[in-house]
Structure formats: structure tokens, C-alpha cells
Amino acid sequence: MTARAGSGWNLPGPAADSTRPLSASRLWLRHLACFVLPLTTLGFALTGPHRWYTALPWFGVVIVSVLLDSRAAPARRQPDPALPTWPFDAVLIALVGLQVANIVLTARLISLAGFWSTDALIAALLVGVNSGYSAIVVGHELVHRRDRRLQLLGRLLLCTVMYEHFFTEHVRGHHVRVGTPEDPATARFGESYHQFWWRTVPAQFRSAWRLETKRLGAVDMKWYDRRILKSRVLHGVVAEVSLAATLGIVFGPAALVVFLLQALGAVRLLEAVNYFEHWGLVRSGRKVQPLDSWDTESWFSLYTLVGLSRHADHHAHASRPYQQLRHFDESPKLPRGYFGMVVMAVLNNRRFQKLMTAELQRRRLGPFLEEPQPS
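In terms of numbering that gives the first Met the number 0, the sequence shown has 58 at position 59, counting the first letter as 1, and numbering is strictly consecutive.
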């Protein structure tokens with residue numbers, strides 16, 4: 000878990016930071032970068048309705064984020080094992096409040112501006128990106144916590160993007176089956192993002208449903224079986240529909256449509272991240288290891304996405320809080336940070352596959368594995 004002297008993987012930006020752990024206060028301050036996108040979204044929702052020429056610049060935060068991420072230096076510092084927990088958890092709870100406020104205030108904005116407005120377009124895009132990069136990422140962090148109250152907050156965030164079944168499928172499905180043909184959230188070698196999208200979205204819902212019916216006593220349980228009323232997936236669907244209906248009733252049909260569009264955009268981002276986090280990697284008959292997840296060393300991704308980019312350690316220790324996630328030298332490395340990788344995976348998939356294949360070949364992973372990996 001030491002810093003790499005030279006990976007052959009060109010990372011732009013200034014020199015790498017020190018390998019000495021940051022103090023708790025300095026690390027906490029760096030993680031405050033995760034507030035930029037949700038606070039920008041809040042500012043947009045609070046200051047509207049806007050004229051078209053004042054609405055468009057608000058989306059600039061997304062463009063700037065992609066550019067900064069493409070220039071970010073590698074972050075290889077290992078965390079201090081003695082870090083306190085509460086200030087980092089406070090960040091997550093504040094982000095939950097911001098997401099709820101952004102959803103409600105955006106619905107109010109659309110009720111005033113109307114659907115055929117620049118505000119509606121920017122809201123669908125900006126709130127969708129914020130929900131994907133902030134709400135789902137924070138929800139992902141929270142559903143892995145052992146504290147049931149934090150798990151419920153994570154499930155609430157997932158409801159704001161109509162994807163609550165992710166709680167069941169991700170924790171009990173993906174983390175168990177990652178890197179195997181049985182995992183719908185692992186992208187296969189040579190699979191494009193659009194192929195992955197159409198395969199994974201329905202497959203993850205079916206998997207979550209089956210996981211719950213199995214927990215309740217019968218994998219092939221019929222929908223009219225009374226036991227299905229205890230299904231967490233069904234509870235999530237009811238909560239999502241109730242939230243959407245409430246927004247539509249209170250703020251009107253235009254607000255409902257924008258809410259659904261931002262949810263679709265957020266899920267598209269989530270599945271783009273799922274796509275490149277395990278693309279082409281294969282695991283068989285052994286415990287999950289750092290080799291089974293793609294990492295990025297971008298400091299911008301690390302601090303704006305509450306540690307999500309250290310995905311290898313997350314899969315090795317799923318309940319480890321984001322501030323304690325470690326850098327692994329042996330995990331395969333992405334050519335960009337998460338912001339840049341989403342753009343590449345979705346809009347330039349041919350280049351994405353070329354670069355990822357080269358890294359797999361260099362590290363002898365996935366289809367280029369020459370001998371069994373250690374158990």
C-alpha cells in the first residue's frame with residue numbers, strides 16, 4: 000500500500016502529495032470540497048426563476064469540475080488510524096439535508112418558472128448531476144454503515160433518485176458477487192456503456208427483488224403472497240412513488256417531470272461509475288482483493304466524492320468509513336478521475352476501452368490473467 004514511483008499511467012497535474020497522513024482537521028477541510036456541487040445547486044434553486052442568460056452559467060460548476068479532475072494530482076496519503084468519526088459523519092448528515100432541500104426547492108422553482116423554461120433544463124441537468132455525484136455517493140456511504148439510523152438516511156437519499164433497491168442489491172448482491180458473471184453490476188470486458196446500461200438496470204432490480212423474497216422465505220414468491228409486504232424493495236418502491244406523487248400534487252406536473260428527469264440523469268451517472276469501477280475484471284473462487292476494483296488517484300475525486308474513488312479498499316472492507324479508506328498500489332488505476340471517466344465512458348467509449356484494455360494488459364488482469372490469482 001505504498002505510493003507508486005512510476006506506473007506508466009500518465010496522470011496530469013502537479014507532483015504527488017506526501018505519503019504522511021494528514022491531520023484530522025486538514026483532512027476534514029479537504030473533504031469539504033464535497034459541498035461545492037450541492038451548494039451551487041442550492042444557490043440555483045434559491046435564486047430563481049432566472050432569465051435564460053443567467054440560468055445557463057450555473058451549469059458551469061459541472062464543466063469546471065470535469066476540467067479540474069482532469070488536472071488533479073495523485074493523492075496517495077494513507078489515513079491516520081486514530082481519526083475521529085463524528086466530524087466526518089457530520090459532513091454526511093449535512094449533505095443529506097442539502098439533497099432534500101435541493102429536491103424540494105427545485106420543485107418549487109419549476110412550479111414558478113414552468114416546464115418550457117431554461118430553468119427547467121438547467122434544473123434537470125444540474126440537479127441530476129448533483130444527485131448522481133453527491134446524493135447517491137453519500138447514500139452509498141451511509142447504507143454500508145452498521146448504524147441503522149444512518150442506513151435509513153442513505154435509503155432516503157436513494158429514494159430522491161427513485162433507486163432505493165440499490166440498497167439491497169448493492170450491499171447484499173454486488174459486494175458478494177463482484178467480478179463474477181453472476182453480478183449484474185460488473186461490466187464485462189469489451190462491453191460498452193450503453194450495452195451495460197440496458198443489461199444492468201433491470202437485472203439489478205430483479206436481483207434485489209429475489210434477494211428479498213429469499214430472505215422472506217421463497218425465491219419464487221408470488222407478488223400476491225402476504226409475506227411480500229415485508230419486502231424492503233417494495234417499501235422502497237412505495238416510498239419513491241409517494242415522494243414523486245407528493246411533489247407532483249404540491250408543485251404541479253412540471254415539477255414532477257423535472258424530478259423524474261433528474262432521477263434518470265442521476266442513475267445514468269451511477270451506472271456509468273458502476274461501469275468503470277469493475278470493467279473487465281474477473282474474480283473466481285476467492286475473497287475480494289484490491290485487484291478486483293479500479294481505483295483513481297485523483298485528489299479531486301477523492302475529496303469531492305467522499306472517498307468513493309478508493310474503491311478497492313471499499314470492497315475489501317465495506318463498512319470502513321470514507322475518511323479511513325486506504326490507497327493500494329496493486330489495484331488497477333483509471334486514466335482519469337471519476338468526473339473525467341464518466342465523460343469518457345459515455346461519450347468516447349472507444350477510447351475508454353482502449354485505455355482500460357492497455358492497463359489490464361499491463362497488469363495481467365481480466366482476460367490477460369496468465370496464472371491463478373492468490374486466494
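Think of the CB as a built atom: it goes at the ideal place given N, C-alpha and C, for glycine as much as any other residue.
- For the 7 Å CB-CB criterion, residue 129 and residue 280 do not form a contact.
- In this structure, residue 116 keeps its C-beta atom at 7 Å or more from the C-beta atom of residue 251.
- Residue 241 has its alpha-carbon roughly 41 Å from the corresponding atom of residue 71.
- Taking all protein chains shown into account, residue 201 has fewer than 16 neighbouring C-beta atoms within 10 Å of its C-beta and is therefore exposed.
- Per DSSP, reduced to three states, the secondary structure at residue 191 is coil, with no helix or strand assignment.
- Proximity of the stretch 172-192 to the stretch 119-139 falls short of the contact definition, fewer than three beta-carbon pairs being nearer than 8 Å.
- In this structure, residue 364 lies away from residue 334, with their beta-carbon atoms at least 7 Å apart.
- Taking C-alpha positions only, residue 219 is separated from residue 40 by approximately 43 Å.
- As computed with DSSP, residue 332 is found in a beta bridge with 294.
- Listed in chain order, the non-local C-beta contacts of residue 27 below 6 Å within the same chain comprise 86, local neighbours out to five positions each way being set aside.
- Secondary structure at residue 73: strand, using DSSP grouped into helix, strand and coil.
- Counted as a single uninterrupted DSSP element, the alpha helix (DSSP H) harbouring residue 112 occupies residues 85-112.
- A distance below 8 Å between beta-carbons, with the five flanking residues on each side excluded, links residue 88 to the following residues of its chain, in chain order: 149 and 320.
- Apart from the 5 residues on each side of it in sequence, residue 69 sits with its Cβ closer than 8 Å to the Cβ of 11, 335, 336, 338 and 339 in its chain, given in chain order.
- Residue 312 is classed as buried because its beta carbon has at least 16 other beta carbons within 10 Å across all chains shown.
- Here the C-alpha atom of residue 81 lies approximately 20 Å from the C-alpha atom of residue 146.
- Residue ranges of uninterrupted alpha helix (DSSP H) with 4 or more members, entirely inside the stretch 109-163 and ordered along the chain, are 117-129, 135-142 and 147-158.
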